[in-house]
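So the structure is just underneath, and the comments pick up after that.
Numbering (the working numbering), first residue to last: 1169 to 1277.
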């Protein structure tokens, strides 16, 4: 699945999905599944930041924490969008922003 395909699939989901669900939707199988998913998600984050759009990658979360992985927050900070103060609140705000933009970000393929 391409970056654009992943973006569209995530925007079509009614709620957050796990990394494993995203990997399955992408047709990936071990080894290195999460790394492959993460690479595409990070690419969408760069596009979204450049376009001033909410991070569609916020829709992918850990089953254990119901939050994105640490890499999501680290990259959001490097992109100037997260100050590190409250990961859960930042994630909730990104998800809310995605909900208000039903067509989602109009960036990169």
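Note that CB positions come from ideal geometry on N, CA and C, so glycine has one too.
In this structure, residue 1239 lies away from residue 1245, with their beta-carbon atoms at least 8 Å apart. When DSSP assignments are scanned along the region 1179-1250, the uninterrupted stretches of alpha helix (DSSP H) that are 4 or more residues long and fall wholly within it turn out to be 1187-1193, 1201-1219, 1238-1246. Comparing alpha-carbon positions, the option among 1223, 1237, 1254 lying closest to residue 1229 turns out to be 1237.
In the three-state scheme derived from DSSP, where H, G and I count as helix and E and B as strand, residue 1269 is classed as coil. Rounded to the nearest angstrom, the gap between the Cα atoms of residue 1199 and residue 1171 is 20 Å. Secondary structure of residue 1173 (DSSP, three-state): helix. Taking the Cα of residue 1248 as reference, the smallest distance to any Cα among 1222, 1263, 1264 is reached at 1222. Taking the Cβ atoms as the reference, residue 1226 lies roughly 5 Å from residue 1263, within the contact range of under 8 Å. Closest option to residue 1234, judged by alpha-carbon separation, among 1217, 1195, 1259, 1190: 1259.
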